[in-house]
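Report on one structure; see the data block that follows.
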Amino acid sequence: MADQLADDTHDEAAEYVLGTLDGEHRRAFEQRLRDDAALRADVAEWERRLVGLSDTTVPVQPPQRVWLAIEDAIAPPPAEPRTVWWQSLAVWRGAAASAALALLVVVLQPLWTEPTVPLPVYNLVVRDAAAQPLWMITCDWRTREYAVTRVAAQPPAAGSAHELWLLPIDDSAPLSLGVIDGDVAPAALPAAASWRNTKALAVSLEPAGGSPTGAPTGPVLHVAPIPG
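The opening residue of the sequence shown carries number 583 in my numbering; numbering runs sequentially from there.
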């Protein structure tokens with residue numbers, strides 16, 4: 583029983599550092615931190631293990647339209663006052679509408695450019711059926727690298743291995759990211775991988791050393807959908 587409580591506390595410390603512990607659970611955990619030196623040491627240890635991941639993640643500025651949408655949701659613009667027909671500028675501009683429209687097209691067309699979409703950085707947590715964090719996985723599409731930090735994943739049985747896969751949106755063959763039974767330092771993503779065509783990460787159980795075929799041969803144990 584004591585070992586189970588220690589494991590639960592260890593997992594909670596990891597979730598707290600990862601930022602996935604929220605609401606009442608997070609407030610209760612922070613209350614315990616003030617009085618529990620061992621718990622503070624556990625949090626410090628997880629911060630030490632995961633600090634390298636935060637150093638490689640560069641904040642991405644959201645597009646202006648996101649802030650505008652938030653502002654509209656918080657304080658919707660006031661309704662425009664009703665006007666009678668003779669107060670409407672549209673009545674007086676009707677005769678010039680065709681000429682104005684033609685001018686608008688000529689003036690604005692050269693100003694339109696295709697918006698630039700920044701390459702994303704994903705920080706994903708692979709969890710088990712009880713929602714316990716097993717691995718923290720970072721996919722940086724700017725540098726085309728990924729890294730894996732083991733959180734609470736247990737080693738597989740002898741002769742077996744956990745292998746990580748990218749699952750394409752178009753349901754083509756999964757792309758292997760290799761065996762992840764320990765921490766994985768930043769490594770190159772497969773050349774065929776595309777962030778626009780990736781819907782999830784998956785972990786399968788394979789023979790020691792990984793799949794011999796280049797495709798999953800054992801059961802898929804965990805799936806972590808990619809947001810958006």
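Built from N, CA and C at the ideal position, the CB exists for glycine as well.
In this text the structure is predicted, and so the values were computed from the model without any measurement.
Hey, residue i and residue j are a contact pair by Cβ (cut 8 Å); roughly how many whole angstroms apart?
| i | j | result |
| --- | --- | --- |
| V761 | G791 | 7 Å |
| P789 | A739 | Going by Cβ atoms, the distance from P789 to A739 rounds to 11 Å, so no, they are not a contact pair. |
Between residue i and the rest of its own chain, which residues show a CB-CB distance below 7 Å, the 5 nearest in sequence each way excluded?
| i | result |
| --- | --- |
| F611 | E594, Y598, L603 |
With a CB to CB cut of under 6 Å and the five nearest residues on each side skipped, what residues in its chain are close to residue i?
| i | result |
| --- | --- |
| L771 | R726, Y728 |
| P801 | L787 |
| C721 | Y704, Y728 |
In three-state terms, what does DSSP make of residue i?
| i | result |
| --- | --- |
| V599 | helix |
| L701 | coil |
| D618 | coil |
| I656 | helix |
| A623 | helix |
| D722 | strand |
| G760 | strand |
| L650 | helix |
| A610 | helix |
| W668 | Only weak support is given to the placement of W668: the predicted model assigns it a pLDDT of 40, under 50, and the value that follows is read from those uncertain coordinates. Helix at W668. |
Buried or exposed for residue i, going by 16 or more other Cβ atoms inside 10 Å?
| i | result |
| --- | --- |
| P645 | exposed |
| H607 | exposed |
| S754 | exposed |
| L783 | buried |
| E745 | buried |
| A767 | exposed |
| W649 | exposed |
For residue i, which residues in the same chain have their Cβ closer than 8 Å to its Cβ, ignoring the five residues on either side in sequence?
| i | result |
| --- | --- |
| L632 | V599, L600, M718, T731 |
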